[in-house]
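A.B. asks: So in this note's numbering the end of the sequence shown lands on 107, straight run, no missing numbers. A virtual CB, placed ideally from N, CA and C, is assigned to each residue, including glycine. This structure is a prediction, so every number in the text was calculated from the model and none was measured. Take a look at the following structure, please.
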Amino acid sequence: PICLSPDERHLVSASSDYSVRIWDLKTNQQVGDLLLHDDELSAIAIPSDGRYIASSGLDKKIYVWSFEAALKQSGNQVRVRAYIAVVGIIFNCPCTTATHSSTRS
Numbered sequence: 003p004i005c006l007s008p009d010e011r012h013l014v015s016a017s018s019d020y021s022v023r024i025w026d027l028k029t030n031q032q033v034g035d036l037l038l039h040d041d042e043l044s045a046i047a048i049p050s051d052g053r054y055i056a057s058s059g060l061d062k063k064i065y066v067w068s069f070e071a072a073l074k075q076s077g078n079q080v081r082v083r084a085y086i087a088v089v090g091i092i093f094n095c096p097c098t099t100a101t102h103s104s105t106r107s
């Protein structure tokens, strides 16, 4: 999954290596902190105000990350919320509306 930031300066990607990465579209380089889950990611979203990144994965967690803190490489200050035992996310934003549910052995 990928999501374009509302200001169209960054692309956020979710990968099978359990990471969320932020890409600067002007330089085509990864910027900021690597945002990690404990398993493969299934969805990401950015609300229209661009303040947060939400990600969900097969680890059955949703994390809400501070976009600004991630860009500043703030380490532990990046994740602002964690929700356990949830397998999907939906944001009402123009960049993406994503849902996912899975059964995994």
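#1: Please state if the CB of V33 and the CB of I46 are separated by a distance shorter than 9 angstroms.
#2: Looking only at C-alpha atoms, which of I64, P8 and S50 sits nearest to A16?
#3: Within 10 angstroms of the Cβ of I48, are there 16 or more other Cβ atoms? Answer buried if so, exposed if not.
#4: Using DSSP with H/G/I as helix, E/B as strand and the rest coil, what is L27?
#5: Since S21 contacts L37 with CB under 8 angstroms, what's their CB separation in whole angstroms?
#6: In the structure shown, what three-state DSSP assignment does L148 receive?
#7: Among G52, T29, V82 and K28, which has the Cα closest to the Cα of S7?
#8: When you compare each of S68, E10, D61 and A72 to H39 by their alpha carbons, which one comes out closest?
C.D. replies: On the basis of the supplied data:
#1: Sequence index remark: in the sequence shown, residue 46 carries index 44 (1-based). Sequence index remark: in the sequence shown, residue 33 carries index 31 (1-based). Going by C-beta atoms, I46 is not nearer than 9 angstroms to V33.
#2: Here residue 16 refers to the residue found at position 14 when the sequence shown is read from its first residue. Among I64, P8 and S50, the Cα nearest to that of A16 belongs to I64.
#3: Along the sequence shown, one-based indexing puts residue 48 at 46. So I48 ends up on the buried side.
#4: For this step, residue 27 is matched to residue 25 along the sequence shown. Three-state DSSP puts L27 in coil, outside helix and strand.
#5: Position 19 of the sequence shown holds residue 21. Position 35 of the sequence shown holds residue 37. Going by Cβ atoms, the distance from S21 to L37 rounds to 7 angstroms, so yes, they are a contact pair.
#6: Outside the displayed range of the chain (3 to 107) lies residue 148, so it cannot be described from this structure.
#7: Position 5 of the sequence shown, counting from 1, holds the residue named residue 7. Cα-wise, what sits closest to S7 is G52.
#8: Along the sequence shown, read from residue 1 onward, the residue named residue 39 stands at position 37. It is D61 whose Cα lies nearest to the Cα of H39.
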